[in-house]
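See structure below.
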Amino acid sequence: MKDIPSSIKKEIEKLTDDINYHNYRYYVLDAPLIADEEYDRLFRRLSDLEGKYEYVLPDSPTRRVGAAPLDKFEKIKHSEAMLSLDNAFSYEEVREFDKRIRRLLDNEREIEYTVEPKYDGLAIELTYRDGILYKASTRGDGYEGEDVTQNIKTINAIPLRIESSDRVPDEIDIRGEIYMNLDEFDKLNRLREDKGEPLFANPRNAAAGSVRQLDPSITASRRLFLAAYGVGVARGITFKGQWDFINWLKKSRFPAPLAVSRVNGIEKVIEEIKKIEEVRKDLPFETDGAVIKVDEFSLQQRLGTKTREPRWAMAFKFKAHQGTTRIKDIRGSVGRTGVITPFAVFEPVRIGGVTVSRSTLHNWDEIKRKEIKIGDTVVVERAGDVIPHVIMVIKEKRTGHEKDFPIPDKCPVCGSDVSREEGEVAVRCVSLYCPAQVQEKIGHFASRGGMDIEGLGEKNVELLYSRGLINNFEDVYRLKIEDLLKLPRFAEKSAQNLIDAIEKSKKTTLAKFLFAIGIIHVGEYAAKLLAKNFERLDDLYHVKREQIGWIKQMGEKISSSVSSFFSDEKNLGTLKTLKSLGLTVTNPDYGAAFKKHLPLEGLTFVITGTIPKSRKEVETFIESEGGHASSSVSRSTDYLIVGNDPGTKLEKARSLGIATISYTDLLKMIDSRTRHPRLF
Ligand code: IVH
């Protein structure tokens, strides 16, 4: 251990405390006190001091990231079993639950209950020893789970140390649910779609998939939250009941469930459940029910548990937005890339207040997996409360007249041949002139995220296309008011509005334009990433796959697709014509990636001695990560990288009090700064 001046020790301790407090303000209370830049500055200062003096506190926020990937998860036995819950589906069952409890307790009086939302995520246990987060484990089979400590530490809402205005126990197991907010879930899935990765079915799977990762940097890149709702073994602290425990959690900087209430008697419980169900659709997370618990722990103890569930708690499950109907027909629709998507036409059915008459069946593998046939009676669910999905076939209702829907060998719209590539689930229409594709492409081009031409929606695209007025992107900018006035749907004013909207769209940004032109696999997110990294549209002409591949988060699929788009002369011709028609593309996004994200920005490094890579290579690397590589040590040097057999630079650095690090430290530094989730 190095000799550390006490003033530095104090500074490190204060920074650790301050940053942890700001984390709490930001992630738990959602009420930050300082700007992101200030937070980043404190964070950088702390990690610099920690690196320089090798003094790191066990609850240092810098320790949330940077752990190496594991080969496998170790098993952890829970000191006390993690139970599951009995379900109630009606208020009658809730009343039964209360009756049973009062009978078991011989109780005349009304029972006090707490009511909380049921979070739909992954149950975990956090063990704190002497106030420090020591282990985190998944529920597993209830008795034994997996050690996910490294991953859990990356979740900023979880305290690394119990900082309480109340009592700090010697040891405590805190249970809760790790979950992902709905908007984060959507964002993650959009990103995965852009990258051609499989989508998560729901926020629960996304949260569980993010925690059960051997590489903690993946967990760190996902925004996860905790709702703490239970206590296991606790030494050095006692709680009167759930209400007391929840209040202690709040005082100790833990995120507790939203809207916990304590009420007397089961009728009040039912009122509380109704309140939660009412606000359910406005909550930022998915909740599938409410959890009712007997408040007093001594009563809980007396009631005890059955094999897997406690007698003192119950989950009331909200009605899923599901319904049953019959598939009248299955048809294929053709998207802008030619992919043929099968969809089911239903006998209309009302689900959760909305009439549903069709739903996508995604692809033929899905049809095969779910064994869906025309004529089948199926269960339909509105997932995320909007898009309907076929959950399953009710096979008992089959009559024998159901028909398969085979993969078509001709495009259902233009009759051209279809292709299905090896290993791909998608079936495509091969024609470049398929009317469905052309219209979809133009519709996408004009859409809000693209050229944003108000008034050029699906219906008008169809009309203009059918009259031969638009066959491609360029034609949009050749439209004249006289053309529109000849059409049934346009009057003087509406025609002028559309012409104005088209004119306005000529000024656009590179990100929007790249999205608009519909390069396969390039969604809004990928388009923005490209714009951040390429200054002008022309810079993308004949771009090589590798030039895109090095952009973080750009997968192989997107890189090849972008590269082949920009090597096609016909495509480049289209871009030129668009420019000649008056299109101008600016790029306000360019450079944003570097300004914020380069990990070594503002730091100067000098190398001495032999390091594992050639000096030139490492210097180029440092520069590419935003740092500056210099050949001699001076006061402006931030770090000296010391290899084997260091030269006189080492002495000079020491005399100037400059921090020395190894080559591995450099890699770690880049890694941890790159992974710090606030930077994304
Ligand atoms: S109490 C013995 N409270 O639901 C008590 N559980 O279906 C068990 N859950 O395994 C847990 N929100 O993962 C409790 N407010 C809440 C909850 C909750 C979600 C999960 C938990 C449990 C599962 C049982």
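Position 667 of the sequence shown, counted from 1, bears residue number 1042 in this note's numbering, the numbering being contiguous throughout. Heads up, the beta-carbon is just placed ideally off N, CA and C, and yes, glycines get one too.
(request) Just tell me which of 534, 417 and 506 has its CA closest to the CA of residue 631. (result) Looking at the Cα atoms, 534 is the closest of the given residues.
(message) Pull the bridge partners of residue 521 from the DSSP assignment, please.
(response) 450
(request) Kindly identify the DSSP beta-bridge partner or partners of residue 596. (result) Looking at the DSSP assignment, residue 596 forms no beta bridge with any residue, so it has no partner.
(request) Please go through the region 671-732 and give each complete beta strand (DSSP E) segment of 3 or more residues, from N-terminal end onward. (result) The region 671-732 contains, as complete beta strand (DSSP E) runs of 3+ residues, the segments 688-692, 697-709 and 714-726 (chain order).
(message) Given the structure, does residue 919 come close to ligand 1, in the sense that its CB is under 8 Å from one of the ligand's heavy atoms?
(response) Relative to ligand 1, the beta carbon of residue 919 is positioned no closer than 8 Å to any heavy atom.
(request) Taking only runs that begin and end inside the region 433-500, name each unbroken alpha helix (DSSP H) of 4 or more residues, in chain order. (result) 466-480
(request) Work out the CA separation of residue 599 and residue 561 for me, nearest whole Å. (result) 13 Å
(request) Drop a sphere of 10 angstroms on the beta-carbon of residue 925, count the other beta-carbons inside from all chains shown, and report buried for 16 or more, exposed for fewer. (result) exposed
(message) Can you confirm whether the region 694-713 touches the region 781-797 when touching is taken to mean that 3 or more C-beta pairs between the two stretches lie within less than 8 Å?
(response) yes
(request) Name the residue from 765, 794, 748 and 844 whose alpha carbon lies nearest to the alpha carbon of residue 776. (result) 748
(message) Please state the DSSP three-state secondary structure of residue 1004.
(response) strand
(message) On the CB-based measure, 16 or more other CB atoms within 10 Å of its CB, does residue 989 come out buried or exposed?
(response) exposed
(message) On a Cα-Cα basis, can you pick out the residue from 740, 407, 818 and 816 that is closest to residue 781?
(response) The shortest C-alpha separation from residue 781 is found at 740.
(request) Compare the Cα-Cα distances from residue 428 to each of 388, 677, 568 and 497 and report the closest residue. (result) 388
(message) Taking 9 Å as the threshold (C-beta atoms), are residue 648 and residue 486 in contact?
(response) no
(request) Going by CA-CA distance only, name the one from 551, 1027, 1021 and 952 that's closest to residue 1012. (result) Of the candidates 551, 1027, 1021 and 952, the one whose C-alpha sits nearest the C-alpha of residue 1012 is 1027.
(message) Can you tell me whether residue 760 is helix, strand or coil according to DSSP?
(response) Confidence at residue 760 is low in this model, with a pLDDT of 49, below 50, so its placement is unreliable and no value can be given for it.
(request) Check whether the Cβ atoms of residue 569 and residue 898 sit closer than 9 Å, and answer yes or no. (result) Yes; because the gap between Cβ atoms is below 9 Å, this pair is in contact.
(request) Return the residue from the list 639, 643, 660 and 664 that minimises the CA-CA distance to residue 651. (result) 664
(message) If I measure Cβ to Cβ from residue 942 and keep anything under 6 Å in the same chain, skipping five residues before and after, which residues do I get?
(response) 917
(message) Give me the DSSP bridge partner(s) of residue 794.
(response) 803
(request) Could you confirm whether any beta carbon from chain E is found closer than 9 Å to the beta carbon of residue 439? (result) The displayed structure is made up of one protein chain only, and chain E is not part of it.
(request) Locate the alpha helix (DSSP H) running through residue 1059, then write down its first and last residues. (result) Outside the modelled stretch of the chain, which goes from 376 to 1055, sits residue 1059, for which no answer is possible.
(message) ligand 1 and residue 748: does any heavy atom of the ligand fall closer than 8 Å to the residue's C-beta?
(response) no
(message) Less than 9 Å between the beta carbons of residue 394 and residue 421, yes or no?
(response) yes
(message) Would residue 451 and residue 522 be called neighbours here (beta carbons separated by less than 9 Å)?
(response) yes
(request) Let me know if residue 689 comes out buried or exposed under the rule of 16 or more other beta-carbons within 10 Å of its beta-carbon. (result) buried
(request) Please confirm whether any heavy atom of ligand 1 lies closer than 8 Å to the CB of residue 459. (result) yes
(message) For residue 494, tell me which candidate among 480, 539, 512 and 605 has the shortest Cα-Cα distance.
(response) 605
(message) According to DSSP, is residue 418 part of a helix, a strand, or is it coil?
(response) Assigned with DSSP and collapsed to three states, residue 418 falls in helix.
(request) Could you name the residues of the same chain whose beta carbon sits closer than 6 Å to that of residue 629, not counting the 5 residues immediately before and after it, in chain order? (result) 603
(request) Spell out the partners DSSP gives residue 601 in its beta bridges. (result) 553
(request) Look at the Cβ atom of residue 895, then the Cβ atom of residue 871, and state whether they are nearer than 9 Å. (result) no
(request) Determine, using beta carbons only, whether residue 877 and residue 852 come nearer to each other than 9 Å. (result) Yes, Cβ-Cβ distance for residue 877 and residue 852 is below 9 Å.
(request) Identify the continuous alpha helix (DSSP H) that holds residue 614 and give its terminal residues. (result) It is not in any alpha helix (DSSP H) - residue 614 carries neither H nor E in the DSSP assignment.
(request) Would you tell me roughly how many angstroms separate the C-alpha atoms of residue 499 and residue 543, rounded to the nearest one? (result) 21 Å
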